[in-house]
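Plus 1 on top of the position in the sequence shown (first one is 1) and you've got the working numbering.
Every residue gets a Cβ at the ideal spot worked out from N, C-alpha and C, and that includes glycine.
Model, not experiment: these values are computed from the prediction.
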Amino acid sequence: MPVQPDTTPFGIVDFSQEAKWLFMTESVTELLGYEPHELIGRPSLELVHPDEFPRVRQLHYDTIQQDKAAVLVYLRMKHKDRCKGYVLCGVNSSPQRPRRQRVIRQPRR
2 MPVQPDTTPF
12 GIVDFSQEAK
22 WLFMTESVTE
32 LLGYEPHELI
42 GRPSLELVHP
52 DEFPRVRQLH
62 YDTIQQDKAA
72 VLVYLRMKHK
82 DRCKGYVLCG
92 VNSSPQRPRR
102 QRVIRQPRR
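Given below as structure tokens:
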């Protein structure tokens, strides 16, 4: 039977152009290797894989400008330990959340 990863949100970013981290749970340490205080207030886009950065940045800007009701995208985010590379994460923005925040979570495999 496949292992189902935790899909609990590990962070929330704002809808500014920098997509800064507003909140982080302790699970971000296990997932990405960072302590929450290391990321809060920093741009989330700086963790996006370089190959995906232009697409993710444009999607973020389009979401802000078009005030989209729901968005779901999967992207790779940089682990603090360079030996571990990048981790697949999901970005979800939905009407159930405050409209100026985005929730980042680890996707199911």
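For residue i, the residue or residues it bridges with in DSSP
i           : result
arginine 77 : Leu89
valine 29   : BP columns for valine 29 are empty, so no partner.
proline 44  : Lys21
Cβ pair residue i, residue j closer than 8 Å
i             : j            : result
glycine 42    : lysine 21    : yes
methionine 78 : leucine 33   : yes
valine 49     : leucine 60   : no
valine 72     : threonine 64 : yes
Supposed contact pair residue j and residue i - C-beta distance, whole angstroms, cut 8 Å
i            : j          : result
glutamate 19 : proline 44 : 4 Å
Three-way DSSP call (helix, strand, coil) for residue i in this model
i                : result
phenylalanine 16 : coil
proline 51       : coil
proline 10       : strand
aspartate 82     : coil
C-alpha gap between residue i and residue j, whole angstroms
i             : j                : result
lysine 81     : glutamate 47     : 12 Å
serine 17     : proline 37       : 19 Å
aspartate 15  : glycine 91       : 16 Å
glutamine 102 : cysteine 84      : Residue placement at glutamine 102 cannot be trusted, given a pLDDT of 47 that sits under 50; the coordinates are not used to answer.
tyrosine 87   : phenylalanine 24 : 21 Å
arginine 110  : tyrosine 62      : In this prediction, arginine 110 has a pLDDT of 47, which is less than 50 and means its spatial position is unreliable; what the coordinates show is noted afterwards. If I take the Cα positions, the gap works out to 28 Å.
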